[in-house]
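To start, the structure itself, in structure tokens.
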Amino acid sequence: MELYDHQKAIIDDDPKRVPLALGTGTGKTRTCLELAEGRTLVVCLKQGRDDKTWEENAEKFELIINLKVISKEDFRRDHKKLPPCDTLIFDEAHTILGVNATTNIQKGKEVIHKSKLFDAALWYIEKHQPTRMYFASATMIPLPMKLWALAKLFGKKWDFFKFRQEFYFAKQKGWKTTWMQRKGINEKERLASLFKSNLGAYAGRLQDFTDVPEQTHHTKYVELTGDQKESIKKAKETITDMSSLRAKLRQIENGIQYTYTVEKSGKDEKISKSVEKYKNNKLDYILEKAEEFPKMLIFADYTAQVYEIVDMLKKAGYDAVARTGETNNPNIFKESELIENRIVVAQARISAGYEFKTCPCVIFASKSNAYVDYDQGIGRVLRADALKKNLYIHLVVKGGLDEQCHKNIMDGEDFQEMIMSK
């Protein structure tokens with residue numbers, strides 16, 4: 002298969018250590034493999050490790066590579082045991098960049114709060130100094146602090162506290178200080194400039210490199226049912242903690258409610274979780290669309306909501322399967338590609354590391370709070386080697402927290418497009 006022009010340009014440049022912030026469907030996997038030399042270690046999501054995406058691509062493109070592929074969980078656990086490599090590739094690299102703007106105090110000193118995965122990556126890179134290093138992600142830096150983390154892994158000595166002061170502001174909540182992101186247009190422009198000029202990043206979206214057929218987005222607002230309205234009223238009357246109330250209200254808006262009970266037996270306590278379900282208009286709309294699109298990808302934020310949708314579709318005679326953190330079949334999407342009429346309902350956070358390019362319609366029954374999950378979800382059906390028209394439907398409860406989440410995610414496109422533009 003011929004390389005695309007943007008892939009050829011990057012490979013001809015032969016960069017040794019760069020972020021590849023290329024949009025979903027642009028062929029990041031092949032680009033990384035073409036650039037790799039010597040012993041190559043790939044750290045990716047479990048899905049990519051289990052379905053052997055990297056090995057299959059190397060074979061498909063007839064690339065002879067000394068390749069080892071592990072999950073990020075494997076890497077976090079075993080990083081000090083892993084041998085040196087010549088080429089280090091982090092797929093979905095945004096998951097590695099776990100640095101928080103809010104710091105901890107240890108022994109009277111302010112300490113940067115970092116994830117174990119970030120620390121593992123930093124240790125391995127500083128210890129073994131791979132000759133080549135490629136960080137690939139369509140959503141590389143959804144938050145400013147991820148840019149600082151990325152720069153740190155690439156050997157930049159940016160002052161953490163100066164960077165934080167530039168892109169965040171302190172907000173006092175009682176005795177606790179929280180750092181909030183500055184969201185002016187100037188901050189976005191400066192971040193984009195730092196990303197491209199200081200790190201030499203390659204960036205671009207699929208539409209920058211090829212003629213993409215029309216992609217249609219439709220927002221469908223749905224009304225609450227009587228049962229949902231009654232449960233929301235009851236929750237507002239009985240729940241005083243605002244954080245708990247907001248979580249509960251959004252659950253109800255999406256047709257489910259988690260309840261927890263504590264069972265005591267002597268000195269032991271056991272917490273059990275149950276799910277209350279409500280008739281809701283999102284289910285009715287999904288059922289209507291299934292008549293038109295018997296092959297669909299549906300995202301839902303809550304596990305219970307995923308299973309509720311699957312059960313409804315199965316009862317109506319459709320071939321529907323769930324993909325959640327609880328399911329243990331990593332080949333669901335490979336299998337579903339080959340089935341003419343198959344609906345996959347996935348958790349919103351499971352939106353990367355696979356393809357479903359034969360699917361023409363995606364429904365976001367509910368979104369997670371992270372823009373990266375939404376952007377990755379779009380890319381499951383829009384691929385450079387299978388360009389086609391797609392329909393994306395956003396199911397939203399008007400006037401509720403569901404709509405607020407939807408608007409926040411859609412507003413996140415502004416910054417992402419600035420980062421990704423060529």
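So that you can map any letter, position 244 of the sequence shown is 245 in the numbering used here, and since no number is skipped, the others follow by simple counting. The beta-carbon is built from N, C-alpha and C at its ideal position, and this holds for glycine as well.
Count the other CB atoms, across all protein chains shown, that sit within 10 Å of the CB of residue i; report buried if there are 16 or more and exposed otherwise.
i	result
Gln107	exposed
Gly156	exposed
His395	buried
Ser369	buried
Gln166	exposed
Asp15	exposed
Gly185	exposed
Arg50	buried
Thr179	exposed
Asp412	exposed
Glu309	buried
Val311	buried
Trp55	buried
Asn199	exposed
Gln348	buried
Ile340	exposed
Ala317	exposed
His407	buried
Gly109	exposed
Can you find the residues in the same chain that come closer than 7 Å, C-beta to C-beta, to residue i, ignoring five residues on each side of it along the sequence?
i	result
Ala385	Tyr5, Gly26, Thr27, Gly28, Leu207, Thr211
Trp149	Val100, Trp159, Phe161, Phe164
Ile410	Lys368, Tyr372, Tyr375
Ala353	Leu46, Glu93, Gln377
Arg247	Leu402
Lys117	Arg77
Gln252	Gln258, Tyr259, Tyr303
Asn282	Val223, Glu224, Thr226
Per DSSP, residue i is paired with what?
i	result
Pro20	Phe136
Gln348	Ala301
Trp180	Ala171
Thr41	Leu68, Thr88
Leu396	Lys221
Asn391	Gln216
Can you list, in chain order, the residues of its chain with a C-beta nearer than 8 Å to that of residue i? Leave out the 5 residues immediately preceding and following it.
i	result
Ala305	Ile257, Tyr259, Val276, Lys278
Lys221	Tyr286, Ile394, His395, Leu396, Val397
Glu74	Lys47
Pro331	Lys47, Gln48, Asp51, Asp52
His95	Ser138, Thr140, Met141, Ile142, Pro143, Lys147, Val373
Lys439	Past the boundaries of the shown model lies residue 439; the chain is included only from 2 to 423, so the question cannot be answered.
Between residue i and the rest of its own chain, which residues show a CB-CB distance below 6 Å, the 5 nearest in sequence each way excluded?
i	result
Thr262	Ser273
Glu338	Thr359
Val43	Trp55, Val70, Ile90
Phe334	Tyr355, Phe357
Asn105	Val112, His114
His7	Phe210
**OP:** Would you check if there are 3 or more beta carbon pairs closer than 8 Å linking the region 87–99 to the region 133–151?
**Re:** These segments touch.
Original post:
Between the region 196–214 and the region 24–36, are three or more C-beta pairs nearer than 8 Å?
Top reply: Yes, they touch.
Original post:
Is the region 244–264 in contact with the region 210–230, if contact means three or more CB pairs nearer than 8 Å?
Top reply: As far as the Cβ criterion goes, the region 244–264 touches the region 210–230, which means the pair count is three or higher.
Original post:
Do the region 312–324 and the region 288–298 touch if we need at least three Cβ pairs shorter than 8 Å?
Top reply: Because the criterion of three Cβ pairs below 8 Å is met, the region 312–324 and the region 288–298 touch.
Subject >> alpha helix (DSSP H) segments (min. 4 residues) lying fully within the region 308–384 >> reply: Whole alpha helix (DSSP H) segments, 4+ residues: 333–338, 372–379.
**OP:** Counting only runs of 3+ residues fully inside the region 73–152, write out the beta strand (DSSP E) ranges in chain order.
**Re:** Those beta strand (DSSP E) runs which fall completely within the region 73–152 and span 3+ residues are 88–92, 100–107, 110–115, 133–137.
**OP:** Let me know the beta strand (DSSP E) ranges lying completely inside the region 193–279, each 3 residues or longer, listed in chain order.
**Re:** Complete beta strand (DSSP E) runs here, min 3: 203–205, 216–223, 257–266, 269–278.
**OP:** Give a yes or no on contact between the region 117–132 and the region 73–87, applying the rule of three or more CB pairs nearer than 8 Å.
**Re:** Three or more beta-carbon pairs separated by less than 8 Å link the region 117–132 to the region 73–87, which places the two stretches in contact.
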